[in-house]
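Beneath this line is the structure, given in structure tokens, with notes to follow.
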Amino acid sequence: MPSKVKIRANQCSYMVQLVRGMAGHSKWQNIKNIKAAEDAKKARTIQDFTRRARAIIREKGSADPKNNPLLARLLVEAKSKCIPNANIERVLSQMGKMKDVPPTVFEAKGPGGSIMLIEAMTVNQSQTRQELQSYVKKCGFSLYENSFLARMTFEQKGLVMVDIPDQGETTPNMEEYIELAIEVGAEEVTLEADEEGKKFLQFLSAPEHVYSVKKELEAKNLPVRSAEVTFLSLNDVSLGSKDIELIAKVLDKLDDHPDVLKVYTNVVEAS
């Protein structure tokens with residue numbers, strides 16, 4: 004069977020570039036640039052923890068690590084990465100209060116056929132809608148609810164991420180993982196790399212099969228990083244760097260909103 008290795012983005016991603024100043028800048032300017040890079044990396048680490056914690060709590064139905072072993076392991080990992088206790092407590096408190104509240108998907112349409120899906124969990128939809136509308140309108144998007152944008156632009160899939168041993172620059176043999184994907188009921192497996200360059204496997208499945216795929220992988224003693232139902236873009240649209248930069252700023256604000264679980268977009272930067 005031929006190997007199938009490709010990269011698919013399951014949610015919005017963007018790059019923050021720090022432009023190196025011209026020679027002659029002060030030492031303080033260099034320190035500020037280094038600190039900005041470190042702050043950006045710390046923010047991404049916190050965002051990744053928040054996303055994974057929310058997914059685990061939703062899956063297991065408990066925000067108490069004593070009753071949720073997966074959450075307990077994630078908290079140990081979070082502390083090893085020096086994630087502040089305030090961020091950890093905020094996520095646990097928020098999800099503990101809202102574990103029985105179903106998520107709402109807000110849809111935003113922007114320039115050039117660009118679409119954002121904003122998955123949120125809220126007890127006050129009217130207030131959350133107003134706040135999200137104020138965010139997205141700054142980059143030319145309009146917010147909708149219960150439209151057909153998601154069905155036409157995205158497909159819903161189960162997504163299971165599995166860590167693999169570090170093999171340096173060597174590409175893992177995907178043949179065995181393709182056979183494994185078939186065995187556990189996944190539709191596809193791809194090789195990915197996170198922002199730190201660490202490689203992992205991404206298994207895609209039908210949404211209703213995501214947790215059975217996860218269970219089968221764990222039964223084979225594979226280290227599952229996360230399992231969730233996600234949206235994948237069917238039709239990406241290209242936008243210029245100016246629009247991309249503006250959208251990136253809005254995505255930062257959306258990530259910081261306490262009700263927002265995840266944001267998906269079909270936007271890519273024009274080459």
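Residues 4 to 274 in the numbering used here are what the sequence shown lists, from first letter to last. Ideal Cβ placement from N, Cα and C applies to all residues, glycine included.
Reference Leu197; option with closest CA among Ser208, Ala184, Ala89 and Asp169: Against the sequence shown, residue 197 aligns to sequence position 194. Before going on, a small fix: residue 197 reads as Asp here, not Leu. Nearest in C-alpha terms to Asp197, of all of Ser208, Ala184, Ala89 and Asp169, is Asp169.
C-alpha distance - Val270 paired with Gly161, whole-angstrom precision: Here residue 270 is taken as the residue at index 267 of the sequence shown, counted from 1. Here residue 161 is taken as the residue at index 158 of the sequence shown, counted from 1. Cα atoms of Val270 and Gly161: separation of roughly 21 Å, rounded to the nearest angstrom.
Element boundaries [beta strand (DSSP E), containing Thr268]: Here residue 268 refers to the residue found at position 265 when the sequence shown is read from its first residue. According to the DSSP assignment, Thr268 belongs to the beta strand (DSSP E) that extends over Val263 to Thr268.
Counted within 10 angstroms of its Cβ, other Cβ atoms place Val94 as buried (16 or more) or exposed: Mapped onto the sequence shown, residue 94 falls at position 91. Buried is the call here.
Contact set for Ala273: own chain, Cβ-Cβ below 6 Å, skip 5 residues either direction: One-based indexing of the sequence shown puts residue 273 at position 270. Excluding positions up to five away in sequence, the list reads Ser241 and Gly243.
Whole alpha helix (DSSP H) elements within the segment 70 to 125, 4-residue minimum: Runs of the alpha helix (DSSP H) inside the segment 70 to 125: 72 to 83 and 88 to 101.
Beta-carbon separation (whole angstroms), Gln136 vs Pro210, contact threshold 8 Å: Residue 136 sits at position 133 when you count from the first residue of the sequence shown. Residue 210 sits at position 207 when you count from the first residue of the sequence shown. The beta-carbon separation of Gln136 and Pro210, rounded to 28 Å, does not stay under the 8 Å limit for a contact.
Residue burial classification, Ile185 (beta-carbon count within 10 angstroms, cutoff 16): Here residue 185 is taken as the residue at index 182 of the sequence shown, counted from 1. Ile185 comes out exposed.
Beta-bridge partners of Leu207, as assigned by DSSP: Working through the sequence shown from its first residue, we reach residue 207 at position 204. Leu207 pairs with Leu162 and Glu191.
Inter-stretch contact at 8 Å, needing at least 3 Cβ pairs: the segment 119 to 136 / the segment 67 to 80: Between the segment 119 to 136 and the segment 67 to 80, the count of C-beta pairs closer than 8 Å stays below three; the two stretches do not touch.
Reduced DSSP category for Phe144 - H, G, I as helix; E, B as strand; rest coil: As a working note, residue 144 is residue 141 in the sequence shown. Correct three-state label for Phe144: coil.
contact_flag[the segment 228 to 235, the segment 54 to 62] where n(CB pairs < 8 Å) is 3 or more: Short answer: they touch.
Residues bridged to Leu235 (per DSSP): Here residue 235 is taken as the residue at index 232 of the sequence shown, counted from 1. Answer is Glu158, bridged to Leu235.
Beta carbon of Tyr147 nearer than 8 Å to that of Glu110: The residue given as residue 147 occupies position 144 in the sequence shown. The residue given as residue 110 occupies position 107 in the sequence shown. In this structure, the beta-carbon distance from Tyr147 to Glu110 falls below 8 Å.
Asn269 Cβ short of 7 Å to the ligand ADP heavy atom set: The model depicted lacks the ligand ADP and carries no ligand whatsoever.
Proximal residues to Glu187 (C-beta, below 7 Å), its chain only, five neighbours per side dropped: Translated into the one-based positions of the sequence shown, residue 187 becomes position 184. In the sequence as displayed, the identity of residue 187 is Val instead of Glu. Around Val187, the same chain offers Val216, Glu219 and Leu220 as residues with beta carbons nearer than 7 Å, after the five sequence neighbours per side are excluded.
Beta-carbon contacts of Asp239 that lie in its chain and below 8 Å, excluding the five residues immediately before and after: Translated into the one-based positions of the sequence shown, residue 239 becomes position 236. Hits under 8 Å: Asn269, Val270 and Val271.
Cα-Cα separation between Gln97 and Leu73, rounded to whole angstroms: On the sequence shown, residue 97 is found 94 positions in, with the first residue counted as 1. On the sequence shown, residue 73 is found 70 positions in, with the first residue counted as 1. Spanning the alpha carbons of Gln97 and Leu73 requires a straight line of approximately 18 Å.
Beta carbon of Leu120 nearer than 8 Å to that of Ala153: As a working note, residue 120 is residue 117 in the sequence shown. As a working note, residue 153 is residue 150 in the sequence shown. It is a contact, given that the beta carbons lie within the stated cut-off.
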